[in-house]
Structure formats: structure tokens, C-alpha cells
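For reference, the structure is listed below as C-alpha cells.
Numbering (the working numbering), first residue to last: 566 to 1802.
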């Protein structure tokens, strides 16, 4: 009896510490229970008790020195490992298939000192060089640079003239055999052979008997006519003429008698002259002439020019003649500055021209071509170059490319950028006359050159003065030409900005001979493709047993672009191959088949790419953990440790209260309430918003709809008494896997009759009451000794809780308070203290305001109740973060901010966006929150996301809130070019946009697809929430949590560098917008007019279950407990929260102590350094972490790849979580790629 009494007193003391009598106002008759006492007394399963070793301190000092307490000073054992104890979590380091290894060699290409010109492989317009590394370099010119000698070999053209034994001046080396007379009166002043059967000669009527002065290729007949010089020079295909007039009295009409062999002169509709053979083919051409004076504009470098030069075919002495006339009014204008030059020329079809906004017409005969503007766009010009087409369909691999131009005029000595763009429309130089010219594609090269000679040549316009500029080009276009997958329509050279008045440049045209543009291409044998990135990355997590695996790859020699053939391999932790995809020909994504993966396991996968000729090296093994999907927010709920109820890491506040305890053996017959400020639930909570108890325990199935609107089971969710919800993964064998860190066993009962949950203490929870909302409610709790507690239901609610051991019970009543969304517990009563006297039952009363619990009154307390007060907030931010986005931009910065800060701290700023003309501080969409949104003006506003941000995962989602009254606005886009271009050709995806009819359109682009569209207009001035998600081969659109539509089709990797919120390009075949076209792929920069807030980007598809949670938490305010007052009237706690994040900012405890909580920060990993580099907006950033065997170094930002030479990859680097490269030979500087956009 003594032992029992001792235990009883001990039990009462412990219970009193757990539940404050002041708070609960316990009645005198109530004996608090210690539920496990009975279990200790009755359990038949006593195990072996630990033995306490004794000793004696006799004779020892009462003090201990520091040395004697040192870890090495004792006699104990080192820390051991308990039975079944798992090793601590360690992230998997990168696991290459082998150790560090060499990079792949890529050809070095042309070297002027060692490369050899091969005449037999050259052509009229191309010089072929064999390089020492086995590659070949082809240098293409627009007009011929070679002629065939008697052996058929191609020899360089030399237009230098030299004196011949016949007294005439002859072109040194060319098949056209141009020669000039020793006297201007010669009837064959100039002659040249088109070929062996066709020739041209001419003279000047009325010429004086003057002899020429000769220098290099120039032959000048001074004073051939009064005040007139005639300058002649051989070209590759004919003769260049210049009639130089020294004053206004000089004749303005000239007649050239013609001697034609095998040719007939005809006049074309545009006024030019064609020399045709007997078959009607044009063999030579005299393009439309033009004239210019010596009045050079000091800003543009352009002389005063006229196209008032006309041709007329005439007859002189029975033979054909050409009459050339200059506009007399222009010549005699007082503004003329002499000398004046008139330029008719014999040539083949032109191969270059320019188009100018304020000067439409044919410029193909001119000596220079122009780009840019001198007045902010009014005279903007673009240069067009037709290049030789013998690379087309040759199926050679182009490894490097560049375009060289001779810059004659530059309006500023400050370097300005210009771009090179491949053209996508057919065109001809003589008939392309209107600005901006044919459509182009993406920029393939850019340069910002220093041109000191050209910028100093503005006042002189001397065509012999200038700077050679070489523009390195992406090889994609030329490999597409070579492989026949893209039409070769030539190139355009354009200024980076036509609004810059200093961007004007003039280059030598194809008519400039040695100063004409040329294209250099280097080709080589096949280089296998290399893997650039994988997803999920190493140590990634997937919440499905059938995840999508994805890779990005490129082919250094562009045999195939894009790479479409991949092989995926997967093994388990024992290095056993689980599955091999074989060759996947549909692209860079592959879905693991069902039945291969199990929840709770870690697998390793690798991928290789094939370019049609060779397989590349495998990627390193990447670990992926298959984890059970968990409910948003509620899966992480728990009661905080510590005395004050807040957790500075989480930012939440929790508190617990035990209202009722009835003594007895078995599971505790008690009412315990747990509050958590992060809990968004209101209606379903038995004690109101934020509170949880055993009466809320249930099992539900967390389902979603796939992109065909079919129901799919995600996990089976158990709601625990403390409010946490835990998802269990369903395995094919009918078993369930608990999430990581949770020891519990869930079993399904036969015939879908419910579930049982066994926790680590061997307590069994039984759920068999079907709920009208789906799932099963709690009906029994049984402890490890078989003692049960039964829950009886009435009208869909728990009415009685009975201990099967003691037969004691608690009785519950429910009511729906005014303004509440559902019923809550109104009273809890014990059995009558005195049998047969119901009035002796002890009753606790619960009062509510709406769904908020405001007072708990113990029996006999009267008005001395525990009281609660609340504020409002929005649980949206916490819900988003718990769903696990890759990036999340609330767009709630203060006005004036320039950076859209990501709320994902672990990204360490790598994914911060940039505001452009956005109005911040606009009222936001979230009910109960003071968080603001961003206003977009519809003309220039945008948020540019970082170019290094990947959204090319196989499975991704975008969600955001938006409000508008306008039409034709883009909410989210990903593009191949930035918005500064205004118009681009192809390579743009307006993934979310409001159309011309006000309806929402959404699509992650895929071949043959069409956007999904909302059923009703969304430009109603109300906030709407949209989610667009894809799962590799399917996608779905959800608006305000409702399913809209879906599409099925393989979605290409979204590797476009330029992603925008509130802007993008649209046009082409995209429907419901003003630029829609069936004939053009041109995309036009388009901006959203309205407000946008809370943009989330996921690297996984968001299940529709989460769509509903996101929308619901945004539209419905959540409550925050702000104060707890004891029945005595003393304040137990006062809590303040951040108005945007709902995190605890300050707490005042029961003693008046004030606790303030700061904002969290993140440190560690190479991401800190990466963020700092990317934050400085580098042109290129090479981490040199490419796979062993890679041939090229891939840049983190949109930039040309570098080339490895003698580099060891996969070596240890400065950061533990990343590999590096090492080299025993210096990297040649010339291999660094040039700037590109």
C-alpha cells in the first residue's frame, strides 16, 4: 500500500505541472490523471532494466580541475551506435562513372602560319585551307576571288594592271582579261571577256587624246572631256567606272559606243542595262547608276547623293551605244561641292545592298553598305549580304564561323555594338528597297569593335581608309545550312540599337573588291555530343515513383541540332541496374516506368546523348530520392520547443492547453488543444481556426487530377491529434511507406473499410467512420497493452469518447457559431461525479467569434475564462513555400526598388529578377495580408528573370495572381531574344497571355499544339489566380483553382534565355492576338497592362490538390493568435507578426519580457559565389564543371561555348559541392568566344 500511495502523489504532482490550475480553474473534486501509471503497474512485458553502476567519492576532492574533465581525461568509451540506428544524412557527392579525366580535343582551326591553301578544293568564291589539326577552313567571298587556270585549279584573282607588249594595260590574273587602251581616243578604250564566246568593249564619244595614269588597279584618263576625268579599274567580274566632274560646266551626258561579242544590250524595267546571250541569259549587267559630290556630312560621313542617273540605249555609226545622263538641276545646284563622281559599272548580279528608312530604293550598286542611324532612327539602315551557297547541303560539320567587314565610316570613336542575323526570307539585292528588309531570325553574333581609322574618316569618306572588324558567329545556322534543315537566305548586319545616333557605320560592299565582306567557316570530323545539365540534379527529390528524367545536351560540331536521341540508365544503392530506357528518340526527357521505384529509396541515374554518328560520354551518376508527397503547410506543423512558444527558424507561434483530464488506465481520456500560427485551416478544425485536437484526427486520400482531368492518388494522409498531416506513399503491393523521418505503419482495412495507424510506441489508431468530405474518422485508440479508447459518432461528429478500460467517458456537443463556416465543439463534459446526478458532471464551455475560439471556461469559472484574441493574415506565402517552388517572387518590394527579390532564401539571390518601369506598392490580391503587388503600364513594364534561371525541367509549373481590364497582354514568356529588339523571327513563347477577347490563353509550346483558353474573359478588373503546369508530355491550365483544359504532346526543353513577367513576344500562329499570321513567324514585343503579384516557378507539375490550396489561402484570410489572457486577467502572451510573411516578429511573455525575431539569412555552398558572379551581370560565366570527356565549356548565361584543350575535368575545386577543371597547358586566349546576345 505504501508503494501505491507514493505513486499517486507523484502522479498528481506531475499533472499539476502540465496544466496550470490558474488557467483551468480546476474544481476541488477533479483528480488529474497520469494515464501511464496504470500501464506501469499492469504491464506483463517488463524488459531487463538498465543497471546503474555505483561507486564512492570517499577520499576525493570536492572540486575538479578543467584538465580532469577533458574528453581525453576520462575512462569512458567513444560514442557508439545503437541497434538499428541509421547513419546521419549526408548529401551524395557527384559520382562520375570514373575519376577525373581529360577533356575531348576540338580542332584549333585556321593558323595563318601553318594552314595550307588547296587550290583544287577552292572555288570561284571560296578559298579552301587545310589545317594541321585535320580541320578545314573555307573563306567565302560574295563575288569571285579565284579564276580557273588552264589546269582547272583555282588561282587567286589579281586586279593589278601592268603594261603589255601590245602597248595596252592588262589585268594581271583573271579569266575576264580586262585591258585598257594607251590613249582615250582608242575605239576599244576598255575591254573584257565574259568567257571565250562573249566579250564587251567600249569607248567614250568625243574623248580627248589623253594617256592614262596608272597606279595599282586604277587607270585614270584625266581631262578626257572638258572638266571631266574617267577612272577605270578591273573587278573580279567586269570593270568599275567613275566619271569625275570638276565643275558645273562639265558635260552631264556621256555616250559610250559598245562593241559586243555574242551579247545584246537590253534595258530592264528598273532602267538598268542587261547584256544577254543568244539564249536570253544575263551574262553581264550595268546596274542603275548614282552620283555623289564632295560635301561630306561631318556627322554621318555621307556625301550628298542622287540617283538621278539615267541610261538610254542608242546607236552610233550603226553600232549599239549607251547614253548616260546626270540630273542637270542637281549638278548645277548651288549646294554642290566639287568634284562630283558618277558611278556606272559593268558587273554581274549584285550580292549586297542596304535598306534605309528615309532613302528607299536600290542601293545594290553602291560602294558601301550602312547600318544604324545618325538621328535616333529616322534614317535607320540595315545591311543585307547574299553569301555563296556551296556550303548548303554538303553535310560538313561547322565548328567555328566568323564574318569580316571593312568598316569605312563610324560616327563615334566610342565602341558601339552591332549584330549579325540570318535571314529567313528570300530576297534579291536589286529589288530589296524598303526598310527594314526581309525577316531575320535570332542574333548569331555580335561585336563592339574599336575602329579608330573609321571614326576618323567621317569628314573624308575615303574608301581606302578603315578598320577590318571580325564578328565571331554561332555555328548553328551554318550547320543547318550544311545539313539542309534551314534555307540559306544570307545574312543581315544590324545595329544593336537604331535609337542610338552614334550607331551608324558604313562597310565596304561586295563592289569594293579587296574590301568586300567575307565569311570564314571551319569544318571538321564528328565530335560526339556532351551532356550540359541534368534534372533532377544530384541529391534531387521526386515525389512520385514515376518521375521524369531530363537532360540538356549540345553537339560541339552541330551534326544534329537539337540533340534528340538519349539513353537513360538507373541503378539502386547496391549498384544494380534497375532500368535502361534504350534509345529515346523523342527528345531529352524520359519517364521512369511504373513499378521500378519505391517510396523512401534513393536511386542513381545517368544519361548519354547520340548525334547520329557517335554516342557521347555518360553524365555523372545523380542521386534522386523518392519521397512521399506531403500536404502543404500542415505536413510540417508541430509544437515548438522552448518556454515561449515561437521558433525563430520557422517564424511560427505555438501553444498547447489541456482542458480536461479524467483519471484512468489506458490512452489518456483528456482534451488537449494545440495551436499553430501556420495552420491555415478554419472550418474543419474542431476548436476553431489554428487549433487541433484528437477530434480532428482522420485519414484522407490526397488526390489530384492529371492533365486529362483524371483523378490520381498522390498519398494517403493521416491527420494527427497535434494538427500535423502526414502523407504515406501507396506501393503496388498494397503497403504504405512513411515519409522520411517518420516511424509509423499505415494499413488499409479490407473492403476499403478504413485504416489503422501504428506509431512507434505501438499505439494503434483505427479510422473506420466514413466522412462526408471523404476519408475516415477516428473510432478507436489502442495502446501497446491492448487498452482501448472508443469514439462514438453522431450526426457526422464525435459525440462521446469512452475508455474501454475504465468505462469513463467524455461527452461533446457541437454548434455552428454565427459567421462560422462550420460546426465547432461547444462543450465537453465528464460523467457525473456523483452517480445518478447529472448536474454533478463537470463541463467546459467554448466560445467563438465566427471560426475563432475566443474563450475557454472551466467548470464553475463564471466569467473568469481563458481568453484569446486574433488578427488576420494570409497563409498564401507559407502555402507556396511549402509546395516547394524553385523560385518565388512576391513582387511586394517598396516603390523605387529595382530588384524583384526571390523569397527562396536557399537560392541566395541567384534567381532575383529585375524591374523595368514597374509601379510597386499596388494593392495586392491576398485577403488578410498587407502584401502589395506590381503595376504594369502596358507599354514598357516588365520583370526580367535571370538568364541563368532554368525552367527547362521535365515537369514544371508557373503560378501567379493577375488583375486587368485590358486585352492583349503577356503575363509570362520565355524567348530567344530580349525585348529591346521590338520584333524577332521565331523562338518566342508567350506561355500565358490575355487575348484580344479578354480570355486567358496558356501553353508551354510543343510542335502542333495550340493554347488552352479560359471559358470566360478575365479582364473584369478582379484578381485571378492561374496555374500552368506540364509533366513532360502533357500540360494543364487551371484558373481560380478550376480545371480549364489540357494538352498532350512532348514539350521541348525550355532553354530560352530571356524570361519575362508581364511582357514577351507574340505573333505568328499564336491565336487571339493582333499579330496572328499564317505567313510570318515575326513576334512583336507586347506588354501587360494591369497588376501582377506572387509569381511562383516550380521544377515539377503542381498537383491540382495544391492548386485548390493556393487559391483558397489567397482568397480566404487566416487568423493569427495575438494574445492569451489567463482567467486571472493576467496576460500570458502577446504576439506580433510580420504583416507580409505572417512570421512572428515580437513576443511579450507572461513576465513582460520582450523577444524580437530577425529575418533569416542563408550561407554556405558554392551558390553564394555563383550568386555574386551572376549578380554582377557577366557577359559569360564558365564554372568548368562539365562532365569528363566534354569538348566545350558551357556558359551559365546565354553565351557561346568555350573550347577545352588539354584540360582535366572532374577535379576537386574550391567548393565541396562542385567539381572543377585543371590544366597542365595554358588555355589559348584566342579560343575565348566573343560577346554575343
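Just so it is clear, CB atoms sit at the ideal spot from N, CA and C, and this is done for glycine as well. Computed from a predicted structure; not experimentally measured.
Exposed or buried, which one is residue i when buried takes at least 16 other CB atoms within 10 Å?
i            : result
residue 1389 : buried
residue 1337 : exposed
residue 1120 : buried
residue 1138 : exposed
residue 1288 : buried
To the nearest angstrom, how far is it from the Cα of residue i to the Cα of residue j?
i            : j            : result
residue 610  : residue 1239 : Low local confidence applies: a pLDDT of 46 at residue 610 is under 50, so the model's placement there is unreliable, and no value is given.
residue 1038 : residue 678  : 23 angstroms
residue 546  : residue 1214 : The chain is shown only over 566 to 1802; residue 546 falls outside these bounds and no answer can be derived.
residue 1100 : residue 1618 : 11 angstroms
residue 1132 : residue 1178 : 15 angstroms
residue 822  : residue 1061 : 47 angstroms
residue 846  : residue 907  : 28 angstroms
residue 1307 : residue 627  : 46 angstroms
residue 1249 : residue 1304 : 24 angstroms
residue 1583 : residue 1639 : 18 angstroms
residue 765  : residue 910  : 13 angstroms
residue 1095 : residue 703  : 26 angstroms
residue 873  : residue 978  : 34 angstroms
residue 904  : residue 888  : 21 angstroms
residue 967  : residue 1476 : 33 angstroms
residue 1503 : residue 1701 : 39 angstroms
residue 1531 : residue 1366 : 58 angstroms
residue 1108 : residue 1280 : 10 angstroms
residue 1716 : residue 1252 : 28 angstroms
In chain order, what residues of the same chain lie with their CB nearer than 7 angstroms to the CB of residue i, ignoring the 5 residues before and after it?
i            : result
residue 1341 : 1263, 1264, 1319, 1320, 1332, 1333, 1334, 1335
residue 782  : 724, 725, 726, 798, 799
residue 1013 : 980, 981, 982, 1800
residue 1419 : 1412, 1413, 1432, 1433
residue 885  : 823, 825, 830, 878
If you reduce the DSSP assignment to three classes, tell me which class residue i lands in.
i            : result
residue 622  : coil
residue 889  : strand
residue 1578 : strand
residue 709  : coil
residue 1590 : strand
residue 1078 : helix
residue 1312 : strand
residue 1330 : strand
residue 562  : Outside the shown range of the chain (566 to 1802) lies residue 562, about which nothing can therefore be said.
residue 1455 : coil
residue 1293 : strand
residue 602  : Residue placement at residue 602 is flagged as unreliable, the pLDDT there being 38, under the threshold of 50; the coordinate-derived value follows with that caveat. In this structure, residue 602 counts as helix in the three-state DSSP scheme.
residue 1132 : strand
residue 1517 : For residue 1517, the pLDDT reaches just 49, beneath the cut-off of 50, and the residue's location in the model is therefore unreliable, although a value from the coordinates is still provided. Looking at residue 1517 - three-state DSSP - the assignment turns out to be coil, as it is neither helix nor strand.
residue 1233 : coil
residue 1352 : coil
residue 728  : strand
residue 1624 : strand
Spatial neighbours of residue i within its chain, please: C-beta separation below 6 angstroms, excluding the five flanking residues on both sides.
i            : result
residue 954  : 1053
residue 1199 : 1290
residue 1125 : 1176, 1177
residue 913  : 802
Can you name, in chain order, every residue of its own chain whose Cβ lies under 8 angstroms from the Cβ of residue i, other than the five neighbours on each side?
i            : result
residue 1024 : 861, 863, 866
Fill in: Runs of beta strand (DSSP E) lying entirely within the segment 1380 to 1424, each at least 3 residues, in chain order
1389 to 1397, 1406 to 1414, 1417 to 1422
Practice prompt. For the segment 881 to 934, list the alpha helix (DSSP H) runs that are entirely contained and at least 4 residues long, ordered along the chain.
Written response: 893 to 897
Fill in: Continuous alpha helix (DSSP H) assignments of at least 4 residues falling wholly in the segment 1021 to 1079
1041 to 1048
Worksheet item: What runs of the beta strand (DSSP E), each 3 residues or longer, lie entirely inside the segment 744 to 806?
Response: 755 to 760, 763 to 767, 778 to 780, 783 to 790, 793 to 799
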